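A.B. asks: One structure coming up, written as C-alpha cells, with questions to follow.
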Amino acid sequence: MDHDITKHLASRLKEARSARSLSLEALAQLSGVSRSMLSQIERGASSPTVASLWNLTRALGVDFAGLLDSSATPESPILEHTRAADTPAFTETGKACTIRILSAPTDVGKTEIYELLFQAGGSLASEPHDAGAIEHLTVLTGSLTVTSGDAEATLATGDTLRYRADLPHAIRARDAARAVLVVKHDLVVNPS
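As C-alpha cells, then:
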C-alpha cells in the first residue's frame, strides 16, 4: 500500500473507531485483530491484510471500499466515473498481489468486484467469508491456481472458476497474472 493510502486508511479507521466510542481493546475483541496491530495500523506504521481490513470494517459497520474513498457519498449518481488513478487499490504486504476495488462502496457485503494483479509468485489467501459466499474468478492474463478447502484447480487465460469462499481459500500465481474477482455473499449453497 503506498504511503498516502496507508495514511488515509489509518485516519479513516481511527475516525470510525472514535465515532463508535470504541477503545483499541474493544475493537480488537470485536474484530479479532490484535490491539498492537490496530495501533500500528492507526499510526500508519503497518498496512492491514485484506482479511484484517475486512474484519475491521465488519466490526465497525463501515464499508470496505468507502474507507479508501474520501469522496464517497450516500447518493447514487446516474454516472459514477472513477478514473484509474483514483480507483482504491492496495498491495498485500509480502504477497506480491495488488487489489483494485472496482465495486461501489454500497455493494460491500453483497456483490464485490476486484481486479487482482499478481507478480510472479504472488498469492492472495483468505479466511472463510460468510456462510454461502461464492467467488467467481476470471483470469485475464497468465494462469492462476485456486484452492478452496481441499479442492484445487488451475486456470489459464480466459478461464472462469466459481468456488466456495466460506472455506479457507487462496489464489496463487506462478508467473505474472491479472484477473477479475467477483465475491457474492449470503448465497445458499449445497455444502457437498
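For what it's worth, our numbering labels the leading residue of the sequence shown as 2, then goes sequentially.
For every residue, glycine included, the Cβ atom is placed at its ideal position computed from N, Cα and C.
Given the structure is predicted, the values throughout are model-derived calculations rather than measurements.
Use the C-beta contact count for L10: other C-beta atoms within 10 angstroms, 16 or more gives buried, fewer gives exposed.
C.D. replies: Counting from one through the sequence shown, the residue named residue 10 turns up at place 9. Buried, by the Cβ-count rule.
A.B. asks: For H82, which of helix, strand or coil comes out of DSSP?
C.D. replies: Counted from its first residue, the sequence shown places residue 82 at position 81. In the structure shown, H82 sits in coil (DSSP, three-state: anything other than H, G, I, E or B).
A.B. asks: What residues match up with A171 in a beta bridge as DSSP calls it?
C.D. replies: For the purposes of this step, residue 171 is taken as residue 170 along the sequence shown, with counting starting at 1. Looking at the DSSP assignment, A171 forms a beta bridge with A126, T148.
A.B. asks: Could you check where the alpha helix (DSSP H) with V51 kicks off and where it finishes?
C.D. replies: Along the sequence shown, read from residue 1 onward, the residue named residue 51 stands at position 50. Note, V51: alpha helix (DSSP H), 51-61.
A.B. asks: Identify, in the order they occur along the chain, each residue of the same chain with its Cβ nearer than 7 Å to the Cβ of D167, setting aside the five sequence neighbours on each side.
C.D. replies: Looking up residue 167 in the sequence shown gives position 166. Hits under 7 Å: P129, H130, D131, A132, G133, A134.
A.B. asks: I'd like to confirm the pairing. Which residues does DSSP put opposite H9 in its beta bridges?
C.D. replies: As a working mapping, residue 9 is identified with position 8 in the sequence shown. For H9, which the question treats as bridged, DSSP gives no partner whatsoever.
A.B. asks: Decide if A90 is buried, meaning its Cβ has at least 16 other Cβ atoms within 10 Å, or exposed.
C.D. replies: Here residue 90 refers to the residue found at position 89 of the sequence shown. By the 10 Å Cβ count, A90 comes out buried.
A.B. asks: Residues bridged to I42 by DSSP?
C.D. replies: Position 41 of the sequence shown, counted from the first residue, corresponds to residue 42. According to DSSP, which records beta bridges pairwise, I42 is partnered with nothing at all.
A.B. asks: Mind checking A178: buried by the 16 CB within 10 Å criterion, or exposed?
C.D. replies: Along the sequence shown, one-based indexing puts residue 178 at 177. So A178 ends up on the buried side.
A.B. asks: Taking only the alpha-carbon atoms, compute the straight-line gap between S149 and V183 and give it to the nearest angstrom.
C.D. replies: Position 148 of the sequence shown, counted from the start, is the residue given in the question as residue 149. Position 182 of the sequence shown, counted from the start, is the residue given in the question as residue 183. Spanning the two alpha carbons is a distance of roughly 15 Å.
A.B. asks: Under 8 Å between the Cβ atoms of A27 and L39?
C.D. replies: Position 26 of the sequence shown holds residue 27. Position 38 of the sequence shown holds residue 39. No, they are not a contact pair.
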